[in-house]
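Shown next, in structure tokens, is the structure this report addresses.
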Amino acid sequence: MSAFTHIVLGTNDIDKARTFYDNALAPLGMKRMLDFDHASMWGGDQPALMITRPANGEPATFANGGTVGLAASSRKSVDEFHAAGLGNGGTCDGKPGKRAFHPDAYGAYLRDPEGNKICAYSYVPD
2 MSAFTHIVLG
12 TNDIDKARTF
22 YDNALAPLGM
32 KRMLDFDHAS
42 MWGGDQPALM
52 ITRPANGEPA
62 TFANGGTVGL
72 AASSRKSVDE
82 FHAAGLGNGG
92 TCDGKPGKRA
102 FHPDAYGAYL
112 RDPEGNKICA
122 YSYVPD
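Position in the sequence shown counted from 1, then plus 1, gives you this note's numbering.
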């Protein structure tokens, strides 16, 4: 059983977030599954990531030190995730490449348009 049911990140511009996440998550096999006026949810077979304007009406801010890690099926999908994110309003926070903590770790980091840090990792051997 997974330790998580879903993850929620905030946004101040839901339309900009939808464009970013539609494109950045597609290479990871995730699609937008649900839309509300203030939020959307993405996933594979069930919703797993929600992007929403904060319910309390305050501005959305990113977590300093927080990162959401997403599973990738291949190194190619990590590269495509990173490129799609950069092409849709995201910024690089770590180029695609091997990571030292595991012999098969290959990851890339992005900041979404609000500054939330997300990454994609594949552990499929080279």
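Glycine included, each C-beta is placed from N, C-alpha and C at the ideal position. It should be emphasised that the depicted structure is a prediction, and the values quoted were computed from it without experimental measurement.
In this model, residue 4 and residue 69 are separated by some 14 Å (Cα to Cα).
Of the residues assessed, residue 45 falls on the exposed side of the cut-off, its CB having fewer than 16 other CB atoms within 10 angstroms.
Residue 126 and residue 105 have their C-alpha atoms roughly 5 Å apart. Counting every other CB atom within 10 Å of its CB across the protein chains shown gives residue 103 a total below 16, marking it as exposed.
8 Å or more divides the Cβ of residue 27 from the Cβ of residue 109. Counting the other Cβ atoms within 10 Å of the Cβ of residue 12 gives 16 or more, which makes it buried.
Between the alpha carbons of residue 79 and residue 63 lies a distance of about 22 Å. Per DSSP, reduced to three states, the secondary structure at residue 78 is helical. Per the C-alpha coordinates, the member of 67, 52, 75, 119 positioned closest to residue 91 is 119. Using a Cβ distance threshold of 8 Å, residue 24 and residue 117 do not count as a contacting pair.
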